[in-house]
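Novice: So the protein sequences, as listed, match chains A and B. Here the working numbering is used: the first residue of the first sequence is 1, the next is one more, and so on. Here the working numbering is used: the first residue of the second sequence is 1001, the next is one more, and so on. C-beta atoms are modelled at their ideal positions from N, C-alpha and C, and glycine is treated no differently. Shown below is the structure under consideration.
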Amino acid sequence: MILAIAQREFKTLFLSPLGWCILAILQFILAYLFLSQLETFISFQSRLASMDNAPGLTEIIVLPLFGNASVILLLVTPMLTMRVVCEERRNKTLSLLLSAPVSATDIILGKYLGILGLLMTLIFMICLMPISLLLGGELDFGKLLTNILALSLLVAAFAAAGLYMSCISNHPTVAAISSFGFLLFLWILDWTSGLNHQHSDTLHYLSLLKHFQNLQTGLLNSMDIIYFILFILGFVTLSIRRLEYERLQK
Amino acid sequence: MKMTRHIHQRLRLKNGLITALLMTLFILTAGISRHYPLQTDLSANHSNTLSIASRKILDTLSQSHCLCQRTLSKTTD
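Quick look at the structure:
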């Protein structure tokens, strides 16, 4: 049942022009950034050749590409998740879904996997850009792998938070703005500790950016991976509970 | 089965308790993962890991730093 809901959700995203527009615009912006980074690398190549332990293609092109993609996806993911449950509620189809012999877990997991399908397609398309560099150079595959993993986990976390916001809001715009605000808050959470010259372990741990940046360096740390997994599980569980609560209210 | 007010309240309470339990479990797991981190350096030339030579230098530095501090405290006494 979960897969049937996920397939329906995935198809719905591609039936509307929103999914296609987001894919096209994102690919265009990231391709522009990728090519400008490539140009920078080519202009510095002669100087880099004479340096010891000079940064390679991965450090100069791939890392900034994934960093830029994470910021753009922070803006884009709430737009994709805003209508998942919210629109069903607005169209009065949520009552039908809740009265069907399907559990709230199936509904939420199906919807989440549908959104995740689109986002993973997006990440796959982003990955094609660094892979194309293999035609003329060498890549640090360890770092590339951790970057792909970091972006996938980050986007999955964005989607989980967006899904929950969609569950608790009555209007898609409110869901989008609140999930963007919440994710941005978690993104910049660690900045304040730097401003006051005070180091807070809790703020440091809660910051999405810190865990993403740790993984980006090529260091696979269990703490960062568990943080993302717990973040996803937490928001998916809250979404399921919210839908269960709504079912009880009816 | 008729959904009475009592059953409704019990279901809501059960729902809330499960959520609270799960959240506590997640927080505990996060705490454990913070205290016992496991890490692997996947970068090509292990750029995030200190070499054995560097670690030896750091060890001698910290040992000499401790020695300095001890001598300093003795002279002040």
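#1: Which residues of chain A have a Cβ atom closer than 8 angstroms to the Cβ of B:Ala1030, listed in chain order?
#2: Which residue comes first and which comes last in the beta strand (DSSP E) that contains A:Asn91?
#3: How would you label A:Tyr32, buried or exposed, when you count the other beta carbons within 10 angstroms and need 16 or more for buried?
#4: Using a Cβ cut-off of 8 angstroms, which residues of the region 82-115 of chain A contact any Cβ in chain B, in chain order?
#5: Any chance the region 142-149 of chain A sits against the region 84-96 of chain A, with 3 or more Cβ pairs inside 8 angstroms?
#6: Report the neighbours of B:Arg1012 on chain A: residues whose CB is nearer than 8 angstroms to its CB, in chain order.
#7: With DSSP collapsed to three states, give me the class of A:Thr192.
#8: Please look up how many angstroms separate the CB atoms of A:Leu209 and A:Asp190, rounded, as I've assumed it's under 8 angstroms.
#9: Quick one: Cα of A:Ala175 to Cα of B:Met1023, how far?
#10: Using a cut-off of 7 angstroms between C-beta atoms, extract the partners of B:His1008 located in chain A.
#11: What residues in its chain sit with their C-beta under 6 angstroms from that of A:Phe34, if we drop five residues either side in the sequence?
#12: Can you give me the start and stop residues for the beta strand (DSSP E) that B:Asp1041 sits inside?
#13: How about A:Leu153 and A:Leu118: are their beta carbons less than 8 angstroms apart?
#14: Helix or strand or just coil, what does DSSP make of B:Leu1050?
#15: Going by DSSP, which residues form a beta bridge with A:Leu220?
#16: Pick out whichever of A:Leu149, A:Glu88, A:Phe44 has its Cα sitting closest to the Cα of A:Asn214.
#17: For chain A, find out if any of its Cβ atoms is closer than 8 angstroms to the Cβ of B:Ser1054; answer yes or no.
#18: So for B:Gly1016, helix, strand or coil by DSSP?
#19: Flag this pair as yes or no: are the beta carbons of A:Leu122 and A:Leu183 separated by less than 8 angstroms?
Specialist: This is what the structure holds:
#1: Those within 8 angstroms of B:Ala1030 in chain A are Tyr205, Ile226, Tyr227, Leu230.
#2: Unbroken run through A:Asn91: none, as it is neither H nor E.
#3: In summary, A:Tyr32 is exposed, with fewer than 16 beta-carbon neighbours lying within 10 Å of its beta-carbon over all protein chains present.
#4: Listed by position along the chain: nothing, the set is empty.
#5: At 8 angstroms Cβ cutoff, the stretches do not touch.
#6: Those within 8 angstroms of B:Arg1012 in chain A are Tyr245, Leu248.
#7: For A:Thr192, the three-state secondary structure derived from DSSP is helix.
#8: Contact between A:Leu209 and A:Asp190 holds: CB atoms are separated by about 6 angstroms, below the 8 angstroms threshold.
#9: The alpha-carbon atoms of A:Ala175 and B:Met1023 are separated by roughly 22 angstroms.
#10: Those within 7 angstroms of B:His1008 in chain A are Leu248.
#11: Excluding positions up to five away in sequence, the list reads Leu65, Met129.
#12: It spans 1039-1041 - the beta strand (DSSP E) in which B:Asp1041 sits, taken as one unbroken run.
#13: No, they are not a contact pair.
#14: DSSP places B:Leu1050 in coil when its eight states are reduced to three.
#15: Per DSSP, B:Thr1040.
#16: Nearest C-alpha to A:Asn214: A:Leu149.
#17: It does not; no Cβ of chain A falls within 8 angstroms.
#18: Here B:Gly1016 sits in helix by DSSP.
#19: Not in contact: A:Leu122 and A:Leu183 (Cβ atoms no closer than 8 angstroms).
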